[in-house]
Amino acid sequence: MRDLLKSIPDAWGSKFEAESGAVTRTRTGPNEIGFRAPSHMALVLLTPQPNREMALNSDRKSVFLAPVGTVEIVPANAELFARWRTPKENLLLAFAPDKLSTLAGLEFQTEDFEFRPPGEGHVDEKALLLASMIREEFQKGEPTNALYLDSLITVFSMYLLRNYSTLAEGPSHLSRGGLSSKVWRDVRDYIQANLDDELSVERLSIVAGLSPSHFLRAFRQTAGQPPHKYVLATRLEMAEQLVISTDFRLSIVAKLTGFSNHSHMTAAMRQHKSITPSALRRAHGIR
């Protein structure tokens, strides 16, 4: 991984990085920070910030009220300074410039774009909704659903390109419809053959030959559920088969089916199958 959030202290909150980008839920303050952005960044405030102080590529610092849902965009290589005088919570997302350019090419037929950061204290309810969905994953206090977070980061990056960049003025590639029979078969086969690996929206969309956002729409239309739910169900089905048909240690079963560890597999099976792997083995008379 690229450590897209290396400018943010680890003590401020947990971080997650995927092929589509990275995200951290930070809770800190009063505090301040200054750095040159190593990647494109977008911040969504989850708590209000009176008298927030900020400067972007300037020595002049602005002081303003930043309500909940305020969105701030920091393009790659921009100089940022921010200071807050009360404790705050926010979601901060980071995107590698080359990845975002590739995504723009797939969606808008051009990889060239510039971000247009909104004004001070600009509130975006849709961005807040996406940020809240990501926040819920961090609040669960259990191993995160990597593919689900990867999907949300992908959707958020597309939202930024469509609403806060020069690409907002041009047409996007809005293909409709589900996956063809062949593509659906190829995607299912790829998932089945790579359950033990970290599947991502980018990799699955490449298999399908579609842009990431079109893939997410088409997959859901074809499968009746988003990729992360389909993959989880497939992992649980394979784990169940291995639990009752082999004498593999449960830690090995978890590894073979793409769970982060034995505890992660047990929690998922308990939640979705109402049974644990150990109980399943006992029910089938397997020691």
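With the first letter of the sequence shown counted as 1, position 96 gets the number 87 in this note's numbering; the numbers rise by one all the way through. Positions of the beta carbon are idealized from the N, C-alpha and C atoms, including for glycine.
Who are the Cβ neighbours of SER248 in its own chain at under 6 Å, not counting the five residues just before and after it? Looking at the sequence shown, residue 248 is not Ser but Thr. Around THR248: LEU186, ARG226, MET229 and ALA230.
Between which residues of its own chain and PHE26 is the CB-CB distance below 7 Å, once the five residues before and five after are set aside? SER(-2) and LEU71
Rounded to whole angstroms, what's the CA-CA distance from ALA214 to PRO203? Just pull it up for me. 16 Å
Residues in the same chain with beta-carbon distance under 8 Å from LEU195, minus the five sequence neighbours each way, listed in chain order, please. Around LEU195: VAL178, TYR181, ILE182, PHE206, PHE210 and PRO218.
Keeping to the same chain, check which residues put their C-beta closer than 6 Å to that of GLU80; ignore five residues upstream and five downstream. ARG18, LEU37 and THR38
Going by the beta-carbon positions, is the gap between ALA199 and TYR150 smaller than 8 Å? no
Buried or exposed by the 16-neighbour rule on C-beta atoms within 10 Å, applied to GLN40: buried
Would you list the one or two residues that DSSP bridges to MET229? DSSP, once it has assigned bridges, lists no residue as partnering MET229.
Is ARG16 closer than 8 Å to ARG126 when the C-beta atoms are compared? yes
Name the residue from LEU241, TYR221 and VAL65 whose alpha carbon lies nearest to the alpha carbon of HIS263. Among LEU241, TYR221 and VAL65, the Cα nearest to that of HIS263 is on TYR221.
Return the first residue and the last residue of the alpha helix (DSSP H) that LYS173 is part of. 172 to 184
DSSP state of THR157, grouped into three classes? helix
Would you mind sorting ILE197 into buried or exposed? The rule is 16 or more other CB atoms within 10 Å of its CB. exposed
Proximity winner among PRO88, LEU97 and LEU201, relative to LEU170 (alpha-carbon distances): LEU201
In chain order, what are the residue ranges of uninterrupted beta strand (DSSP E) at least 3 long that sit wholly in the segment 2 to 34? 6 to 8, 13 to 19 and 22 to 27
With respect to the alpha helix (DSSP H) encompassing VAL198, which residues constitute its N-terminal and C-terminal limits? 192 to 199
Below 8 Å on the Cβ atoms is my guess for VAL14 versus LEU82; work out the distance and round it to an integer in Å. A Cβ-Cβ separation of about 6 Å places VAL14 in contact with LEU82 under the 8 Å criterion.
Is the segment 135 to 151 close to the segment -5 to 10, with three or more CB pairs under 8 Å? yes
Anticipated Cβ contact below 8 Å, PHE86 with HIS31, distance rounded: Confirmed, Cβ separation roughly 4 Å.
Which of helix, strand or coil does DSSP assign to GLN40? strand
Where in the segment 47 to 77 do unbroken runs of the beta strand (DSSP E), each at least 3 residues long, occur, reported from the N-terminal end onward? 53 to 57, 62 to 65 and 70 to 75
Among GLY4, ALA274 and ALA73, which has the Cα closest to the Cα of ALA57? Nearest option by C-alpha distance: ALA73.
Compare the beta carbon distance of PRO108 and LEU158 with 8 Å and say whether it is the shorter of the two. no
Should GLY20 and THR77 be called a contact, given that it needs their Cβ atoms to be closer than 8 Å? Contact: yes.
Beta-carbon proximity of ALA28 to PRO66, cut-off 8 Å: Contact flag set, yes.
Exposed or buried, ALA285, counting other C-beta atoms within 10 Å across all chains shown (16 or more means buried)? Lying outside -8 to 278, the shown extent of the chain, residue 285 is not represented and no answer is given.
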